[in-house]
Ligand SMILES: [Zn+2]
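Given below as structure tokens:
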């Protein structure tokens with residue numbers, strides 16, 4: 148069985164820097180399996196999910212939610228990831244089957260897939276009124292630099308980011324994860340320099356995660372153990388929610404659709420699951436609603 152994904156956080160550099168190390172191998176593998184992603188699509192969605200997991204780790208309430216959208220001009224189309232304070236994430240990419248040849252250096256062409264022009268948007272909903280929306284221009288389409296630019300321009304928090312996802316041609320992810328270094332308010336210039344100098348050590352973060360795990364990386368590079376929390380792929384969809392979508396069509400339209408197609412199919416893009424309702428099941432949905440209205 149594959150080990151679960153996790154985030155480990157600690158304070159380093161005299162408590163001036165927050166460091167996070169993420170192992171998202173299992174999370175990315177589940178995204179590959181659910182969406183039948185090509186290796187380059189897996190790298191792009193996997194990096195975005197890793198970034199979103201980090202952003203979610205700052206949410207104060209478990210029920211708070213967060214949405215990350217990377218809308219670039221590459222072949223992959225829009226990448227959408229959402230998660231919550233419990234570190235449950237799900238996501239999708241518009242063209243999961245889009246493929247690109249490897250770059251000259253043998254790496255996956257993530258920026259070709261994402262595109263170099265477009266926007267990186269974060270919507271954060273703490274459930275207390277108006278959600279916070281922050282957006283910035285894409286810098287490279289490699290995700291890590293784009294997230295860094297987002298932090299700087301939209302949240303005024305310079306954050307050093309390394310992200311990496313390894314995927315074999317057969318669709319197996321041996322290692323995925325990231326390292327994030329964020330100065331706390333009032334941090335010294337030395338702390339910021341320390342963060343900037345550390346990040347190049349993680350140019351092969353996916354390999355480091357595959358070899359040492361997040362705990363090993365934290366101990367070896369930051370000399371501390373930190374606090375770990377599990378991260379997992381979990382969708383919000385369910386058959387009950389799909390049934391209420393059928394209900395919201397209204398009886399007339401729902402049965403017209405069944406007449407035409409034989410059944411109603413409700414598709415969840417986030418986890419690539421289909422919920423199908425035949426005529427009898429639709430009857431039951433509307434009977435329950437009518438009973439509910441009478442009750
Ligand atoms: Zn779903």
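Numbering (the numbering used here), first residue to last: 148 to 442.
Glycine is no exception: its CB is placed at the ideal position from the N, C-alpha and C atoms.
Taking buried to mean at least 16 other C-beta atoms within 10 Å of its own C-beta, is residue 261 buried or exposed? Position 114 of the chain shown, counting from 1, holds the residue named residue 261. Label assigned to residue 261: buried.
Open item on the list: Do residue 266 and residue 282 count as a contact pair if the criterion is CB distance below 8 angstroms?
Closed with: Taking the chain shown and counting its residues from 1, one reaches residue 282 at position 135. Taking the chain shown and counting its residues from 1, one reaches residue 266 at position 119. Pairing residue 282 with residue 266 gives a Cβ-Cβ distance under 8 angstroms.
Around the Cβ of residue 264, are there at least 16 other Cβ atoms within 10 angstroms (buried) or fewer (exposed)? As a position in the chain shown, residue 264 is number 117, starting the count at 1. Label assigned to residue 264: exposed.
Query raised in the report: From 352, 364, 386, 197, pick the residue whose C-alpha is nearest to that of residue 237; which is it?
Result: Here the question's residue 237 lines up with position 90 in the chain shown. Answer by Cα proximity: 197.
Close beta carbons around residue 153, own chain, < 8 angstroms, minus the five adjacent residues each side: Residue 153 sits at position 6 when you count from the first residue of the chain shown. These residues qualify, in order along the chain: 169, 170, 361, 375, 376, 377, 378.
* Please state if the CB of residue 235 and the CB of residue 381 are separated by a distance shorter than 8 angstroms. => The residue labelled residue 381 in the question sits at position 234 within the chain shown. The residue labelled residue 235 in the question sits at position 88 within the chain shown. In contact: residue 381 and residue 235 (Cβ atoms closer than 8 angstroms).
Handout entry: Beta-carbon proximity list for residue 413, same chain, < 6 angstroms, skipping 5 on both sides
Key = Walking along the chain shown from the start, residue 413 turns up at place 266. Once the five neighbours on either side are set aside, the close Cβ partners of residue 413 are 389, 392, 422.
Hey, out of 354, 250, 321, 331, whose CA is closest to residue 165's CA?
Your numbering for residue 165 matches position 18 in the chain shown. Ranking 354, 250, 321, 331 by Cα distance to residue 165 puts 331 first.
- Rounded to the nearest angstrom, how far is the Cβ of residue 294 from that of residue 308, given a contact under 8 angstroms? Reading the chain shown from its first residue, position 147 is the one you call residue 294. Reading the chain shown from its first residue, position 161 is the one you call residue 308. Contact holds; Cβ gap of about 5 angstroms.
Between which two residues does the alpha helix (DSSP H) harbouring residue 260 extend?
Start at 1 with the first residue of the chain shown, and residue 260 comes out as number 113. Run containing residue 260: 257–261, per the alpha helix (DSSP H) assignment.
Quick test of your reading: residue 314 and residue 189, contact by CB under 8 angstroms. State the CB separation rounded to the nearest angstrom. One-based indexing of the chain shown puts residue 314 at position 167. One-based indexing of the chain shown puts residue 189 at position 42. Sure, about 5 angstroms apart at Cβ, within 8 angstroms.
- Whole-Å CB distance - residue 245 paired with residue 223, under 8 angstroms assumed: Position 98 of the chain shown, counted from the start, is the residue given in the question as residue 245. Position 76 of the chain shown, counted from the start, is the residue given in the question as residue 223. Indeed, because the Cβ distance is near 5 angstroms, the residues count as touching under 8 angstroms.
Just to confirm, are residue 292 and residue 257 a CB contact at a threshold of 8 angstroms?
In the chain shown, the residue the question calls residue 292 occupies position 145. In the chain shown, the residue the question calls residue 257 occupies position 110. No, the pair does not count as a contact, with Cβ atoms beyond the cut-off.
Suppose you measure from the CA of residue 321 to the CA of residue 356; what does that come to, to the nearest Å? By one-based count along the chain shown, residue 321 stands at place 174. By one-based count along the chain shown, residue 356 stands at place 209. CA-to-CA, the gap between residue 321 and residue 356 works out to about 9 angstroms.
### Query
Between which two residues does the beta strand (DSSP E) carrying residue 284 extend?
If you number the chain shown from 1, residue 284 lands on position 137. Counting along the chain, the unbroken beta strand (DSSP E) around residue 284 starts and ends at 279–284.
* To do: Give the single residue among 239, 269, 301 whose Cα lies nearest to the Cα of residue 185.
  => Start at 1 with the first residue of the chain shown, and residue 185 comes out as number 38. Of the listed residues, the one whose Cα sits closest to residue 185 is 239.
Practice prompt. Can you check DSSP and say which residues form a bridge with residue 156?
Written response: If you number the chain shown from 1, residue 156 lands on position 9. For residue 156, which the question treats as bridged, DSSP gives the partners 167, 374.
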